[in-house]
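This report concerns only the one structure given below.
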Amino acid sequence: MRYSEYAEKQVIQLLQPDFSFDISDRITVVCDLDQFKASEDKSVWLQKKERAPKYYEVYWDDEWIIDFADDVQPQIVYALFWQGFKKKYEAGRIHLNKFLTDLEKEQDITYLIEKQKKQEQAKDAMAGAFEVAADNKLLKNPEETQIAKEIATEIEKETGET
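The sequence shown begins at 385 in the numbering used here and counts up one residue at a time.
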């Protein structure tokens with residue numbers, strides 16, 4: 385990650401005076417050349433051949449803030465960072481307090497796990513209901529089958545499964 389490391393040091397050096405704490409573990413800068421293959425993307429190939437400026441993305445606690453080209457002046461990067469930071473902060477996507485960021489990530493993971501469990505339970509319940517109905521010959525005609533399918537569709541919508 386040769387390109388990213390140098391750019392990250394530059395960005396941290398540019399922004400650190402505005403913070404009362406060390407931001408080196410909060411800021412990540414990634415260059416297109418480090419994350420994409422030149423053989424798979426024409427713009428990256430052009431960057432590698434130095435026919436186009438290198439592009440970088442800046443993240444705060446893994447949340448994208450801005451991207452910029454290496455031919456942009458540091459003052460512009462500074463201004464763009466603070467615009468992006470402000471938008472993400474106001475939207476509640478980032479925090480100055482690292483503990484809050486870590487807590488939010490943990491809650492997001494817990495929420496996703498619970499949602500997946502509920503979807504699986506609903507799906508299993510519907511499969512079981514259709515098996516019981518078929519075994520007991522409760523679905524005697526196509527109209528009943530259609531109604532059962534509509535109910536199943538509504539349950540899937542309610543649980544967020546498509």
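The C-beta atom is built at its ideal place from N, Cα and C for all residues, glycine as well.
List the residues that DSSP assigns as beta-bridge partners of residue i.
i    : result
I396 : None; I396 has no bridge partner.
T412 : Y443
D451 : E441
What's the gap between the Cα of residue i and the Cα of residue j?
i    : j    : result
K432 : E392 : 19 angstroms
Q397 : V414 : 16 angstroms
Q400 : F420 : 28 angstroms
I538 : K501 : Ile is not the amino acid found at residue 538; the sequence shown has Glu there. Rounded to whole angstroms, E538 to K501 spans 18 angstroms at the Cα level.
L430 : S423 : 10 angstroms
S408 : K472 : 19 angstroms
F405 : A506 : 47 angstroms
K541 : I535 : 10 angstroms
F403 : Q394 : 15 angstroms
K470 : L480 : 11 angstroms
E490 : I497 : 11 angstroms
E474 : E504 : 35 angstroms
Y462 : A532 : 58 angstroms
D492 : K499 : 10 angstroms
Within 10 angstroms of the Cβ of residue i, are there 16 or more other Cβ atoms? Answer buried if so, exposed if not.
i    : result
D416 : buried
I460 : exposed
S427 : exposed
T494 : exposed
F465 : buried
Spatial neighbours of residue i within its chain, please: C-beta separation below 6 angstroms, excluding the five flanking residues on both sides.
i    : result
R477 : E447
G468 : I449, I450
P437 : A453, D454, D455
T412 : Y443
Which whole-angstrom value is the C-beta distance of residue i and residue j, which I expect to be below 8 angstroms?
i    : j    : result
A453 : Y443 : Actually they do not touch by this definition, with Cβ atoms about 17 angstroms apart.
D418 : Y387 : 6 angstroms
Below 8 angstroms CB to CB, which residues in the same chain sit around residue i once its five sequence neighbours on both sides are set aside?
i    : result
R410 : W444, D445, K482
Y458 : A small correction: the amino acid at residue 458 is Pro; Tyr does not occupy that position in the sequence shown. These residues qualify, in order along the chain: Q394, L398.
At the 9 angstroms Cβ level, is residue i part of the contact set with chain D, yes or no?
i    : result
V414 : Absent here is chain D; the protein component of the structure consists of one chain.
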